[in-house]
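Each residue of the sequence shown is one higher than the one before, counting from 11 in the working numbering.
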Amino acid sequence: MIGFGEAGFTFARAASWPSGTFAFDIDASRVPMITDCGITPAASAEEALADADIVLSLVTADSAPLVAADYAPFLKSGALFCDMNSIAPQTKQANAKAVNATGARYVDVAVMAPVDPAALNVPLLIAGPDAAEAETALNAMGFAKTRVVGDAIGRASAIKMIRSVMVKGLEALTWECAAAADEAGVFDEVMASLDASEKHQPWATRIAYNRERMETHGIRRAAEMEESAKTLSGFGVEPVMTRGTVIRQRQAAKPRI
11 MIGFGEAGFT
21 FARAASWPSG
31 TFAFDIDASR
41 VPMITDCGIT
51 PAASAEEALA
61 DADIVLSLVT
71 ADSAPLVAAD
81 YAPFLKSGAL
91 FCDMNSIAPQ
101 TKQANAKAVN
111 ATGARYVDVA
121 VMAPVDPAAL
131 NVPLLIAGPD
141 AAEAETALNA
151 MGFAKTRVVG
161 DAIGRASAIK
171 MIRSVMVKGL
181 EALTWECAAA
191 ADEAGVFDEV
201 MASLDASEKH
211 QPWATRIAYN
221 RERMETHGIR
231 RAAEMEESAK
241 TLSGFGVEPV
251 MTRGTVIRQR
261 QAAKPRI
């Protein structure tokens with residue numbers, strides 16, 4: 011294991027991995043955590059990777075390319091390098107070149123839910139030429155919800171990162187809406203209105219409807235959202251997401267003939 015933050019700790023704590031399992035983290039203060047999970051702390055990345063058949067890269071997004079480039083020479087030929095970091099498919103493709111050049115085998119793995127409390131039951135999507143073999147190895151390690159989604163590096167990551175546009179975007183919109191409702195003293199009324207207008211539909215149906223509405227009424231809605239942005243600003247809430255909505259509504263609108 012490279013990286014022993016929340017994900018590494020959660021996985022290791024839930025697993026019963028053999029004593030020959032090594033972990034390395036650049037933060038030496040995490041050594042006691044590694045030991046407590048029954049994992050052998052490595053003094054260096056080279057020591058951790060020297061004889062590893064499978065590697066889990068669990069670092070921060072900005073560190074993932076550095077780990078792939080700098081640590082790839084330590085991998086033995088044929089080793090499966092599972093890049094489980096939340097990074098763009100293009101980044102994973104670049105990482106794959108660095109890893110595969112050493113004779114190791116790069117695997118694109120997307121972690122599709124919070125690791126805590128799911129731990130080894132967290133859904134994993136796996137992609138790459140060696141995805142099937144990686145899935146078998148991950149299953150043997152205790153990961154229970156895995157699915158191969160293709161042999162192209164970046165496909166698993168694309169699913170995760172594009173999904174995050176909706177999931178994280180809704181979180182940001184929620185914050186912006188609630189902050190303004192609080193400041194205006196109308197939180198309960200806004201929530202009740204949202205509940206009343208909520209439609210429980212499959213996402214594909216909802217997206218088709220939203221696209222049609224934006225194409226037909228995008229210009230008018232953009233103007234309305236400009237006023238919404240003024241509303242938020244008036245209550246001291248910076249309308250970051252709302253400004254983006256103005257732009258997207260205007261861009262989506264089809265010109266009238």
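Just so it is clear, CB atoms sit at the ideal spot from N, CA and C, and this is done for glycine as well. Keep in mind it's a predicted model, so treat the numbers as computed, not measured.
When only Cα atoms are considered, residue 251 and residue 168 end up about 23 Å apart. Within the same chain, Cβ atoms closer than 6 Å to the Cβ of residue 110 are found at 116, the five residues on either side in sequence being excluded. In this structure residue 46 is not in contact with residue 14, their Cβ atoms being roughly 11 Å apart against a cut-off of 8 Å. Of the other Cβ atoms in all chains shown, 16 or more fall within 10 Å of the Cβ of residue 81; this residue is therefore buried.
Across the set 255, 225, 177, 233, the C-alpha of 177 shows the shortest separation from the C-alpha of residue 124.
Inter-residue distance for residue 190 and residue 247 is about 6 Å (C-alpha atoms, whole angstroms).
In the three-state reduction of the DSSP assignment, residue 156 falls in the strand class.
Residue 220 and residue 28 have their alpha carbons spaced roughly 51 Å apart. Secondary structure at residue 183: helix, using DSSP grouped into helix, strand and coil.
DSSP places residue 69 outside both helix and strand once states are collapsed to three, so it counts as coil. Residue pairing by DSSP leaves residue 219 without any beta bridge partner. For residue 197, the CB contacts under 8 Å within the same chain, skipping 5 residues up- and downstream, are 188, 191 in chain order. Between the beta-carbon of residue 68 and that of residue 94 there is about 6 Å, and that keeps the pair under the 8 Å contact cut. Ranked by how close their Cα comes to the Cα of residue 21, the residues 126, 237, 146 have 126 in first place. The alpha-carbon of residue 159 is positioned some 10 Å away from that of residue 119.
With at least 16 other beta carbons inside 10 angstroms of its own, residue 62 counts as buried. In the DSSP assignment, residue 253 falls within the unbroken alpha helix (DSSP H) covering 250-262. In its chain, beyond the 5 residues on either side, 158 have a beta carbon closer than 7 Å to the beta carbon of residue 142.
For residue 201 and residue 74, the gap between their C-alpha atoms comes out near 40 Å.
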